[in-house]
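The structure under discussion appears below in the form of structure tokens.
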Amino acid sequence: MVMDVLARDRRLCVVKLQPGYEASYAGKPAVHAVGGLARSSRGAARQRPLNILVRGDARVRIEHELPADTLYRLVA
């Protein structure tokens with residue numbers, strides 16, 4: 003995910019899982035509709051690829067989840 007974020011526009015959305023997520027944690031547990039949009043610092047990721055520094059830019063409302071073949075979820 004980090005490599006994809008850095009290769010694209012350096013943005014990612016951080017969301018909180020809804021209560022009761024434990025039962026479906028290995029699948030796709032429900033998330034809150036509002037999350038935080040963050041932008042990664044390119045310089046920090048180049049120095050230490052396993053550690054990234056992000057800056058919160060805005061709150062976002064998730065409209066829907068996009069189909070993806072990644073291990074992480076994509077939303078619009």
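Under the working numbering, the first residue of the sequence shown carries the number 3, and numbering increases by one thereafter. Just so you know, even glycine gets a beta-carbon here, dropped at the ideal spot from N, CA and C.
- Annotated three-state conformation of valine 4 is helix, per DSSP.
- Ranking Asn53, Leu73, Ser42, Ala70 by CA distance to the CA of cysteine 15 puts Ser42 first.
- Here the alpha carbon of valine 56 sits roughly 21 Å from the alpha carbon of valine 33.
- When Tyr27, Lys18, Ala28 are compared, the shortest CA-CA separation from valine 36 is found for Lys18.
- For alanine 40, the secondary structure class from DSSP, reduced to helix, strand or coil, is strand.
- For valine 16, the pairing in a beta bridge is given by DSSP as Gly38.
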